[in-house]
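First to last, the protein sequences are chains W and C. Under the numbering used here, the first residue of the first sequence carries the number 49, and numbering increases by one thereafter. Under the numbering used here, the first residue of the second sequence carries the number 49, and numbering increases by one thereafter. A virtual CB, placed ideally from N, CA and C, is assigned to each residue, including glycine. Accompanying notes for the structure given below.
Protein chains: 2
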Amino acid sequence: MISHAEENYLKAIFKISEKGTRSANTNAIAAEMQTTAASVTDMLKRLAEKNLIDYEKYRGVQLTGEGNRVATALIRKHRLWEVFLMEKLGFAWDEVHDLAEQLEHVQGDKLVDRLDTFLGHPKFDPHGDPIPDAQGRWSFRPQILLSALQPGNSGAVTGVDDHSAAFLQYLDQLGISLGARLELLERISFDQSMRVRTPDGREITLSDKVGQNLYLTVEG
Amino acid sequence: MISHAEENYLKAIFKISEKGTRSANTNAIAAEMQTTAASVTDMLKRLAEKNLIDYEKYRGVQLTGEGNRVATALIRKHRLWEVFLMEKLGFAWDEVHDLAEQLEHVQGDKLVDRLDTFLGHPKFDPHGDPIPDAQGRWSFRPQILLSALQPGNSGAVTGVDDHSAAFLQYLDQLGISLGARLELLERISFDQSMRVRTPDGREITLSDKVGQNLYLTVEG
DNA sequence: ACGTATTTTTAGCCTAATCTAAAAATATGT
DNA sequence: ACATATTTTTAGATTAGGCTAAAAATACGT
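Listed below in structure tokens is the structure:
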């Protein structure tokens, strides 16, 4: 039996390890979980005891095969519920995260699999993040940051890096949603801001910070 | 803030009070919650402290207005999720209870209301139990037990009293689902068993115990 | 109405998960 | 390489929720 708290720690460790830059050390986990380092140490002992992580004092942690399986299943559930909330219940993409955070802890493999079928086996969630399948396999697609695009080229928005409500609401306000085709017209060398053409033909200016958080897939 | 455990106690107290026969005393609550009387006493103190119940030592409990509101909202969520699981995900009616038991604790009024809209504002759940609306108002419809029906009369199955998987699976096996029209042909005086005609024209025999757990609505 | 049975509460203990403060280990800068 | 800074762990306390065993209150049968 794995508690909700334990599940959340496994997910946090997965996320940190995924980024690869930082090692999954105690402080990083504490920051991700919004808790104290002492609490994290406590929990790491418990997770190691259950063979969900490999843990050596002062040396950071790594998920075991089983820990990875649990974290992957959790992410699958989270992202499938996000799709449900947006596609079926009409929530906006900045509203789904907190609800999915609760729904992902509902137990029942049959539930997840039927939800997956009901939604038509989606491969990506409303933020463009991949949804692992029932066997834990991930989908990939080539995507680059808007800020890495050469002026004159265009692509479809397929993901965001920053998942904050503030960023997502700003994108809504700009009329940019997942799938929107953007053309990079010009890069301003002074502040790295970008002049971009939106799907409806408008020309807008985006800051470099926006460009660093928008993933595009360049067509054919 | 009300914890999951507190919510479950409120729901249990509601259920016991609803039946009316027994008062909501400590032992009844312990039985309903599958726990000990000592644990119940502890919790009752906490719930009284939060003004969710009226509690006098040794004298049983009653929900306050607020306690009733919380319990009603919980039942609303539970039953809406049951409808979702059966109608949208194709679960059988003996499978939905345990999943709904988890889903009902997901917080978010907007979620419930949107789910309600998505499902078309159902008034009854897959077991025929009424679903309170967002204001806590209940739907009623006239229904009587099959065992109280006069031979020669017929009605549509609109509810079950026993919600156990064993009973529901037996009904499935008999080809009796919600909405099925049954005609009571004959009552056997020896053991109170009943000869009944099913929607597909078959004649079957049902025990009195089955008759005591099947609610019918008699048309016109 | 009085002794017995039942119900309910109290008391004391347990586990999971969290916290703060202090100690220990590791990392870093000159 | 050594003093200082940072990170991590330990120690001890807290809260929610649950348990068992014993005590107290209430109910019941004759």
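The beta-carbon distance between Leu111/W and Ala119/W, rounded to whole angstroms, is 6 Å. This is short enough to meet the 8 Å contact definition. For Asp220/C, the enclosing alpha helix (DSSP H) begins and ends at Ala213 to Leu222.
Per DSSP, the unbroken beta strand (DSSP E) holding Asp102/C starts and ends at Ile101 to Tyr103. In terms of beta-carbon proximity, Val154/W lines the interface with chain C, with at least one pair separated by less than 8 Å. Looking at the DSSP output, Phe172/W bridges to Pro178/W. Not a single C-beta of chain C is nearer than 8 Å to the C-beta of Gln191/W. Within a 10 Å sphere around the beta-carbon of Phe188/C sit fewer than 16 other beta-carbons, which makes this residue exposed. Distance from the CA of Glu251/W to the CA of Lys67/W, rounded to the nearest whole angstrom, comes to 33 Å. Chain order gives no chain W residues near Arg127/C, where near means a beta carbon separation below 8 Å; the closest approach is about 16 Å.
Gly227/W places its beta carbon less than 8 Å from that of Ala204/W.
Going by DSSP, Ile77/W is part of the alpha helix (DSSP H) stretching over Thr74 to Met81. Within its own chain, the residues whose Cβ lies closer than 7 Å to the Cβ of Gly176/W, once the five positions on either side in sequence are excluded, are Thr206, Gly207, Val208, Leu226 and Tyr263, listed in chain order.
With 16 or more neighbouring CB atoms inside 10 Å of its own CB, Pro180/C falls in the buried class. Using a Cβ-Cβ cut-off of 8 Å, Lys105/W does not count as an interface residue toward chain C, since no Cβ of chain C sits closer than that to its own.
Boundaries cannot be given for Ala140/C, as no beta strand (DSSP E) includes it and DSSP labels it neither H nor E. In the DSSP assignment, Gly207/W falls within the unbroken beta strand (DSSP E) covering Ser202 to Val208. When Cβ-Cβ separations below 8 Å define contact, Arg162/W makes contact with chain C. Annotation for Thr89/W: the continuous alpha helix (DSSP H) segment containing it runs Ala85 to Glu97. Judged by beta-carbon spacing, Lys136/W lies within the 8 Å limit of Phe166/C, meaning their Cβ atoms are closer than that value.
Ranked by Cα distance from Met242/C, the options Leu194/C, Ile50/C, Leu216/C and Glu149/C are led by Leu194/C.
Gln260/W does not reach chain C, its nearest Cβ partner there being about 31 Å away, counting only Cβ pairs nearer than 8 Å.
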